[in-house]
Amino acid sequence: MALVGRRDGRNFGYGRQLSYAGPQALNDLFAGGHFATVKAHSDRWQAFVRWCRSEDGPGYNDARQIDRRTLQDYAAYLRQQIQQGELCIATAQNRLSSVNRTLAALRGDQDVRIASPSQTLGQKRSTVRTRAPNGQDHQQVRRVIEALGEQQHERVAAIILLARTTGMRLREAILADLPRLQREADQLGRINIQDGTKGGRSGASAQRWVVANEPVKAALQLARKASPPGSRNLLARDESYSLFLQQTVLPAREMLHVHGLKGFHELRAAYACERYEQLTGHAAPVNGGHCYRIDRYLDQQARQQISVELGHNRIDVVSAYIGGRT
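Each step along the sequence shown adds one to the number in UniProt numbering, with nothing skipped, and position 289 is 289.
Next up, the structure:
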């Protein structure tokens, strides 16, 4: 915790170690909330700290020593990592952005920052997926779910199955109104994903309907079984979203990695690839399909439908899930 009213101490009052000071400043900035965001920024800040301490870095352990030249040197190091194939463009840009955010939290101003990480790195992100997503194999997903169940991580297992069968985001799966979804599945044969969505979407007018086939119904049944007593979603009544992420979801991520799943977002991409094949009769481009060459209109219609089901409503975003038009 920073000393109130003082930023002139070592690491601007956040302690003696640069590695410790950054996360503490971020916790203050986000007032103890937004756990996943703080964790992401903190992890990238640690990468910056390791560079500072390396032979390539300046050897600093005090944020007061960091200036624009330091950040330019770090950007040059990241460019070299990209050129050597050791780092992807998106990761490098994220690392610079997190250093910007963490330094601002430490300093209390934005006087020392990289104005444009993308321009500084001289690279543009690729928004087209070129690698087939993990989790397309249903047997692989089943093995992960069984392993999580053996470790009493039933709620995380439910999240995985909801993400894979409906394309829900992590937050959407956790906050989904399970009784409502099961009622819609039984009565309408489809479900409307409303809870925990980006942009404040809510209400019956939010047109994000997903067909409730047998796998979706099975996922809903598993989720309701894992739901704590008295709850309509996967959170206990006295449990916060951030606490659930910190104490339950993040520790279980290792199990995903052991079984070859990179993360929850990969399951959304796996869902999108499967839906593309269902809608077009062709494999997704990232899986070697060439529907765009055969029937451009069919490809366009499938991408539009998938964009709605994923909650983007922007057809250009779909390439990040299924690959580009080839």
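Note that beta-carbon positions come from the ideal geometry of N, C-alpha and C, so glycine has one too. On a predicted model such as this, the values are computed, not experimentally measured, just so you know.
Taken in chain order, the complete alpha helix (DSSP H) segments of 4 residues or longer contained in the UniProt domain "Integrase catalytic" (129-274) are 138-150, 154-166, 170-175, 178-188, 214-226, 241-244, 250-258.
Distances from the alpha-carbon of Y241 to those of Q140, Q80, D195 put D195 closest. Secondary structure of N100 (DSSP, three-state): helix. No Cβ-Cβ contact shorter than 8 Å links L222 with A270.
Between R107 and T248, the gap from beta carbon to beta carbon reaches 8 Å or more. Pairing A219 with P228 gives a Cβ-Cβ distance that is not under 8 Å.
In this structure, the CA atom of Y321 is about 6 Å from the CA atom of R129. Taking the CA atoms as reference points, T326 sits about 26 Å from G263. Nearest neighbour of A163 by Cα position, chosen from G15, L78, V317, E309, turns out to be E309. 8 Å or more divides the Cβ of A147 from the Cβ of I159.
Within the same chain, and ignoring the five residues on either side of F244 in sequence, the residues whose Cβ sits closer than 7 Å to its Cβ are I174, L235. Note on geometry: alpha-carbon atoms of E266 and P133 lie some 6 Å from one another. Annotation for Y14: no alpha helix (DSSP H) segment contains it, and DSSP assigns it neither H nor E. Between the alpha carbons of D109 and P58 lies a distance of about 22 Å. Taking a 10 Å sphere around the C-beta of R44, we find 16 or more other C-beta atoms and assign the residue as buried.
If you draw a straight line from the Cα of D238 to the Cα of R16, it is about 36 Å long. Annotation: the continuous alpha helix (DSSP H) that includes R303 extends over 296-309. Its Cα nearest to that of D186, the residue E214 stands out among E214, A302, T91, A115. In this chain, the alpha helix (DSSP H) harbouring R44 covers 35-53.
Residue state for D28 is assigned as helix, using DSSP reduced to three classes. Judged by DSSP in its simplified three-state form, I322 adopts helix. For C88, the three-state secondary structure derived from DSSP is coil.
A residue is called buried once 16 or more other Cβ atoms fall within 10 Å of its Cβ, and S98 is buried on that count.
S118 and L181 have their C-alpha atoms roughly 41 Å apart. In the structure shown, R79 adopts helical secondary structure according to DSSP, grouped into three states.
Cβ contact annotation for Q46 (same chain, cutoff 7 Å, sequence separation greater than five): S19, in chain order. The Cβ atoms of N94 and D62 do not sit closer than 8 Å to each other.
The criterion of a C-beta distance shorter than 8 Å is not satisfied by A36 and G167. Inclusion of V211 and I193 in the CB contact set at 8 Å is not warranted, their separation being larger than that value.
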